[in-house]
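A.B. asks: First, the structure itself, so that you have it in front of you.
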Amino acid sequence: MEKLVSSWFNNKTLPQSYIFPPETRPGNHVIPRCNTIPVVDLSKALAHERTAVVQQILEASQEFGFFQVNGLFCIRKVQFFCSQIIILFFLKQVINHGVSENLVNDTMNVFKEFFELPSEDKAGIYSEDLKRPCRLYTSSPNYNREKVHLWRDCLRLPCHPLKECIKIWPQKPTRYREIVAAYSIEAKKLGSRILDLISEGLGLDLGYFGDKLSESVVISVNHYPPCPDPSLTLGIAKHCDPSLLTILLQGDVFGLQVLNDSKWIGVEPLHNAFVVNIGHQLEVVSNNRLKGAEHRVVTNSTVARTTAAIFLNPSEDCIVEPAKSLIRADESPAYRAFKFKEFLYNYVTMGGNSEKSLEPFKRHG
C-alpha cells in the first residue's frame, strides 16, 4: 500500500524513480488541442440511410481515424489522426444508446470516492500478484521490473461473467457494486453497437465481433494525483491498447494525448463524453485496415484526474486472426493466428510497446 502514489503524492519534489529519460518525458512544450472539421450525421443510421452512414464512418476512419459524436448523433472527424479511431459520445444526448448521464456521473463519482477511502479500506484489494483478477496496484503490472514508474494508481475490475466477478469487487464506497455493475452492462452494449457499425463498414457479417472476440470485459480505473513536476513524468507511457475496442470515460480533466506525425496532440475532455478507440486485436482482425494510434497520459500539478476505461477483449483462448473475407486475392494475412492470452502475455512482457507487442505475430514475406 505504501507504494501507491495516492499514499504519498504530497511530496514537493518528484522522486528520481518517476523521472523519465529526456527523450520520452513530456517537458514544458505546449501541446495543441485537436480542432474539428465537417460533421457526419450519425442519426441517419437509425433511419433509412444506415448504409450511407456506415460507409462514411469507414471512409472517415481510413482517412482521419478520429471521430466526435455530438448530441445530435453526429460524428465530427478530427483532422490528421490517420492511425486511430476515437469516437466521442455525448452521453447527455445518447440515452437511446442505453447509457444515461446520471449513470455516468454516479460511476465517475464512485470511482473518485474509492481513491479517497482510508488506506485500511483499500488494503484488502491491493496486490502485486498479476494473476489476481481484481486488484489495486500502482504504476504498471511490471512495477518490480520497470526502470521508471508511472505516476498513477490503477484499479482493475474484471466484468465477465458479471455475477461472479462482482463478488470480488470492492464493497466500499456505498452502492459501488450496484453502480459499477450497471455501468459495465450499458458500456458493453454501447461497445457492441459500435462494433456492429465497424463490421458492417468492413463488409463483415453483423455480429462478427460478438461472442468470444469481445466476450471478456475489464474495467481499468486510473487515478492520477497532482504531480509536483508534470514535465518530468507520465501517467501512462506511449502505447496502443491490447484490446479489441476501448471505451474511455475521461472526465473533465485534460491528460490524454495522441501521437500523429511524430507530434503529440491533446484530446480535449468533453462533458459526459466517451472516447472509444481501436485496439490491437481489431488491427489484426481487419488485416491492418484499421489502426490503433499510440497515445499517452500526461499529469498536472493542480488537480487529481480519474478515468475509467472499459476494454472489450477476446476470451483468453479465443483464436484471433485476420478475417478471411478481408484478405484480397493479391495479398496475404498480415498476422498468424494466435490465442489472445499468448498476445496479452507478450504485451505485458514488452511493457505495452506497440511494435514489439505485435512483432511475434506478424507474417513476413
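Every number in UniProt numbering is 28 more than the matching position in the sequence shown, counting from 1. From the three backbone atoms N, C-alpha and C, an ideal C-beta is built for every residue, glycine too.
Only counting runs of 4 or more residues, tell me where the alpha helix (DSSP H) segments fall wholly within the segment 125-151, in order along the chain.
C.D. replies: Qualifying alpha helix (DSSP H) stretches, in chain order: 129-143 and 147-150.
A.B. asks: To the nearest angstrom, report how far apart Phe-37 and Asn-250 are at their CA atoms.
C.D. replies: The residue given as residue 37 occupies position 9 in the sequence shown. The residue given as residue 250 occupies position 222 in the sequence shown. Taking the straight line from one Cα to the other gives about 15 Å.
A.B. asks: With DSSP as the reference, please indicate the residues paired to Ile-264 in a beta bridge.
C.D. replies: Residue 264 sits at position 236 when you count from the first residue of the sequence shown. Ile-264 is bridged to Val-325.
A.B. asks: Name the residue from Leu-386, Tyr-236, Ser-343 and Asn-137 whose alpha carbon lies nearest to the alpha carbon of Arg-334.
C.D. replies: Working through the sequence shown from its first residue, we reach residue 334 at position 306. Here residue 334 is Thr; the residue named in the question, Arg, does not match the sequence. Checked all of Leu-386, Tyr-236, Ser-343 and Asn-137; the closest Cα to Thr-334 is Asn-137.
A.B. asks: What would DSSP say about His-308, mapped onto helix, strand or coil?
C.D. replies: Residue mapping note: residue 308 aligns to position 280 of the sequence shown, counting from 1. Helix.
A.B. asks: Applying the criterion that 16 or more other CB atoms from any shown protein chain within 10 Å of the CB defines a buried residue, is His-299 buried or exposed?
C.D. replies: Sequence index remark: in the sequence shown, residue 299 carries index 271 (1-based). With fewer than 16 Cβ atoms within 10 Å of its Cβ, His-299 is classed as exposed.
A.B. asks: Closest to Pro-198 by C-alpha separation, out of Ile-153, Phe-368 and His-57, would be which residue?
C.D. replies: Residue 198 sits at position 170 when you count from the first residue of the sequence shown. Closest by alpha carbon: Ile-153.
A.B. asks: Tell me the DSSP secondary structure of Ala-301 in three-state form.
C.D. replies: Counting from one through the sequence shown, the residue named residue 301 turns up at place 273. Of the three classes helix, strand and coil, the one that applies to Ala-301 here is strand, per DSSP.
A.B. asks: Less than 7 Å between CB atoms is the rule here; does Met-378 satisfy it with respect to chain B?
C.D. replies: Reference to chain B is not applicable here, since this structure consists of a single protein chain.
A.B. asks: So Pro-201 packs on Glu-141, CB below 8 Å; how close in whole Å?
C.D. replies: The residue given as residue 201 occupies position 173 in the sequence shown. The residue given as residue 141 occupies position 113 in the sequence shown. Confirmed, about 4 Å.
A.B. asks: Let me check understanding here. Comparing Cα to Cα, which of Pro-342, Arg-356 and Ala-357 lies closest to Leu-372?
C.D. replies: Within the sequence shown, residue 372 is the residue found at index 344, counting from 1. Taking only the C-alpha atoms, the option nearest Leu-372 is Pro-342.
A.B. asks: Note down the Cα distance separating Val-82 from Arg-205, rounded to an integer number of angstroms.
C.D. replies: Taking the first residue of the sequence shown as 1, we reach residue 82 at position 54. Taking the first residue of the sequence shown as 1, we reach residue 205 at position 177. Cα to Cα, Val-82 sits roughly 36 Å from Arg-205.
A.B. asks: Is the beta carbon of Leu-164 closer than 7 Å to that of Leu-183?
C.D. replies: Here residue 183 refers to the residue found at position 155 when the sequence shown is read from its first residue. Here residue 164 refers to the residue found at position 136 when the sequence shown is read from its first residue. Contact: yes.
A.B. asks: Determine, using beta carbons only, whether Ser-271 and Phe-339 come nearer to each other than 7 Å.
C.D. replies: To locate residue 271, count along the sequence shown from 1; it is residue 243. To locate residue 339, count along the sequence shown from 1; it is residue 311. Yes. Within cutoff.
A.B. asks: So, with DSSP's three-state summary, where would you put Thr-64?
C.D. replies: To locate residue 64, count along the sequence shown from 1; it is residue 36. Any reading at Thr-64 needs caution, since the residue's pLDDT is 46, under 50, leaving its predicted position unreliable; the model's value is listed next. Reduced to three states, the DSSP call for Thr-64 is strand.
A.B. asks: Looking at the unbroken beta strand (DSSP E) that takes in Ile-222, where does it start and where does it end?
C.D. replies: By 1-based counting over the sequence shown, the position of residue 222 is 194. Unbroken run through Ile-222 is the alpha helix (DSSP H), 204-230; no beta strand (DSSP E).
A.B. asks: Would DSSP call residue 11 helix, strand or coil?
C.D. replies: Look at the range of the chain in this structure, 29 to 393, and you will see that residue 11 is not part of it.
A.B. asks: Under the three-state reduction of DSSP, which class applies to Pro-256: helix, strand or coil?
C.D. replies: Start at 1 with the first residue of the sequence shown, and residue 256 comes out as number 228. Coil.
A.B. asks: Quick one: is Gly-279 buried, meaning 16 or more other Cβ sit within 10 Å of its Cβ, or exposed?
C.D. replies: Taking the first residue of the sequence shown as 1, we reach residue 279 at position 251. Flag for Gly-279 reads buried.
A.B. asks: What would DSSP say about Phe-366, mapped onto helix, strand or coil?
C.D. replies: As a first step, residue 366 must be located in the sequence shown, where it is residue number 338. DSSP places Phe-366 in strand when its eight states are reduced to three.
A.B. asks: Quick check: what's the CA-CA separation for Arg-160 versus Leu-241?
C.D. replies: Here residue 160 refers to the residue found at position 132 when the sequence shown is read from its first residue. Here residue 241 refers to the residue found at position 213 when the sequence shown is read from its first residue. Each residue's Cα considered, the two are about 22 Å apart.
A.B. asks: Can you list, in chain order, the residues of its chain with a C-beta nearer than 8 Å to that of Ala-351? Leave out the 5 residues immediately preceding and following it.
C.D. replies: On the sequence shown, position 323 is the one that residue 351 refers to. Leu-230, Leu-232, Tyr-236, Val-313, Ser-314 and Asn-315.
A.B. asks: I think Ala-336 touches Thr-135, with their Cβ atoms under 8 Å apart; what is that distance to the nearest whole Å?
C.D. replies: What you label residue 336 is simply residue 308 of the sequence shown in a count that begins at 1. What you label residue 135 is simply residue 107 of the sequence shown in a count that begins at 1. With a Cβ gap of about 7 Å, Ala-336 and Thr-135 count as contacting.
A.B. asks: On the three-state DSSP scale, how would you describe Asn-341?
C.D. replies: Taking the first residue of the sequence shown as position 1, residue 341 is located at position 313. Asn-341: strand per DSSP, three-state reduction.
A.B. asks: Does the segment 209-217 come within contact of the segment 144-153, defined as at least 3 CB pairs closer than 8 Å?
C.D. replies: No, they do not touch.
A.B. asks: Output needed for Leu-178: all residues of its chain with C-beta closer than 7 Å, excluding positions within five of it in sequence on either side, in chain order.
C.D. replies: In the sequence shown, counting from the first residue as 1, residue 178 sits at position 150. For Leu-178, where only same-chain residues beyond five positions count, the Cβ hits under 7 Å are Ser-167, Ser-168, Leu-262, Gly-263, Ile-264 and Ala-265.
A.B. asks: Just to confirm, are Thr-41 and Pro-253 a CB contact at a threshold of 7 Å?
C.D. replies: Along the sequence shown, one-based indexing puts residue 41 at 13. Along the sequence shown, one-based indexing puts residue 253 at 225. No.
A.B. asks: So, at 6 Å on beta carbons, what are the nonlocal neighbours of Ile-275 in its own chain, with the 5 sequence-adjacent residues on each side left out?
C.D. replies: Residue mapping note: residue 275 aligns to position 247 of the sequence shown, counting from 1. Closer than 6 Å at Cβ, skipping near neighbours: Ala-215, Gly-219, Phe-302, Val-304 and Ile-338.
A.B. asks: Alpha carbon to alpha carbon, what distance is there between Ser-382 and Leu-273?
C.D. replies: Stepping through the sequence shown from its first residue, residue 273 is reached at position 245. Stepping through the sequence shown from its first residue, residue 382 is reached at position 354. If I take the Cα positions, the gap works out to 16 Å.
A.B. asks: Looking at the structure shown, is Leu-276 part of a helix, part of a strand, or coil, going by DSSP?
C.D. replies: Here residue 276 refers to the residue found at position 248 of the sequence shown. DSSP places Leu-276 in strand when its eight states are reduced to three.
A.B. asks: Do you know how far the Cα of Asn-172 is from the Cα of Asp-157?
C.D. replies: Looking up residue 157 in the sequence shown gives position 129. Looking up residue 172 in the sequence shown gives position 144. For Asp-157 and Asn-172, the distance between alpha carbons rounds to 11 Å.
A.B. asks: Taking the Cβ atom as the reference point for each residue, do Gly-306 and Leu-287 lie within a distance shorter than 7 Å?
C.D. replies: Here residue 306 refers to the residue found at position 278 when the sequence shown is read from its first residue. Here residue 287 refers to the residue found at position 259 when the sequence shown is read from its first residue. The sequence as given places Ile at residue 306; Gly does not occur at that position. No, they are not a contact pair.
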